[in-house]
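Asker: Under this note's numbering, the first residue of the sequence shown is numbered 10, with each subsequent residue one higher.
Glycine is no exception: its CB is placed at the ideal position from the N, C-alpha and C atoms.
Nothing here was measured: the structure is a model prediction, and the numbers come from that model.
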Amino acid sequence: MSLQMTNKDVFSNKFNIQPEGDIVCHVTDEYGDIIVADTEEHRILRFEGINEQSKMLKKDVNLPVHHYSKAMLMATAFTSGRTALLLGLGGGALLRALHTQDDQRVMDVVELRAGVLSVAQEWFTLPGSDKISYYIEDAEHYLRREHTHQYDLIFSDLYSAFSMEPRQGTEAFLRLCLEKLSDQGWLVLNYYEVPRAGSALSGALREVFGEVLYCRVPSGNVVIYAARKPHLQTISELREQAQLLLSRLNIGNEMGDLSKNIVPLYP
């Protein structure tokens, strides 16, 4: 924790960052601070006070704000499946969008921190549905359960206050996700960079999955789409499906441009 606090202080001093909004909720658990702040237009979830973990538009709580959430949502255009696993809840932006898109979609949500779930339920308008189940558990432990069923979509968004959970980029983690995917399933990872050619992650993705795509978003994050089996659709067809999906969800022309960023990870 002392190293994390040092990193935070250096980051704040270098860039003179003042977090947005007035704090309306501040709780602390064994992992650190969970902070909710309000601006006129948004409600924001932060861990340790700097980086936005989630952002909700008050006038339309079901509309994703962050580009990476919108890019992750595009994966629903690639499959007609209706079961999903969300690893990492945050403020529930992706969960709300998925439920709005299809309120009959069966979703399991795994969140490490009971405090995050409690804050999200109180402050971030999580959908009330018997189709949604919540589990307070480590994501890897959940994936190792023998009695869980397979999913058409697995969304992995595992971040602490300052960094991505490193296990999310390992071959062991990818193989655990593969075991939980249906035959036509997709794993969707919120990653911090494009996996470099020759890197361990790039090699693992190639080894484990039949098809791998990615989308770089304006914030710098990279959303990786990894399919159990290769698909017949061309990249142009997948981009068109993603653009049509987000247009139907009224996310705007901007997202048509983002869908053009979907490209194969390797030729």
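#1: On the three-state DSSP scale, how would you describe G90?
#2: Any contact of the region 207-216 with the region 91-102, i.e. 3+ C-beta pairs under 8 angstroms?
#3: Would S63 pass as a contact of A102 if the rule is Cβ separation under 7 angstroms?
#4: Quick one, are the C-beta atoms of A80 and C224 less than 7 angstroms apart?
#5: Taking the alpha-carbon of C34 as reference, which of L253, L162, W132, H75 has the nearest alpha-carbon?
#6: Of the residues E49, L72, A235, M65, which one's Cα is nearest the Cα of L255?
#7: At what residue ranges does the region 174-244 contain a whole run of the beta strand (DSSP E), taking only runs of 3 or more?
#8: What's the C-alpha gap between L162 and F218?
#9: Compute the Euclidean distance between the alpha carbons of V197 and A235, then round it to the nearest angstrom.
#10: Can you give me the C-alpha to C-alpha distance between G229 and E202, rounded to a whole angstrom?
#11: To the nearest angstrom, report how far apart G207 and L274 are at their CA atoms.
#12: Can you give the beta carbon distance from T48 to E29, rounded, assuming they're within the 8 angstroms contact cut?
#13: Below 8 angstroms on the Cβ atoms is my guess for Q159 versus L190; work out the distance and round it to an integer in Å.
#14: Scan the region 95-144 and note each continuous alpha helix (DSSP H) run of 4 residues or more that stays entirely inside, going in chain order.
#15: Can you check which of these residues, E216, D147, Q193, V272, is closest to T85 by C-alpha distance?
Answerer: In this structure, then:
#1: Residue state for G90 is assigned as coil, using DSSP reduced to three classes.
#2: No, the region 207-216 is not in contact with the region 91-102.
#3: yes
#4: yes
#5: W132
#6: The residue with the shortest Cα to Cα distance from L255 is L72.
#7: 190-200, 220-225, 231-236
#8: Taking C-alpha positions only, L162 is separated from F218 by approximately 14 angstroms.
#9: Each residue's alpha carbon lies about 6 angstroms from the other.
#10: 7 angstroms
#11: 12 angstroms
#12: The Cβ separation is near 5 angstroms, so the contact holds.
#13: Between L190 and Q159 the Cβ distance is about 6 angstroms, and since that is below 8 angstroms, they are a contact.
#14: Within the region 95-144, the runs of alpha helix (DSSP H) that reach at least 4 residues and sit entirely inside it are, in chain order, 102-110, 123-132.
#15: Q193
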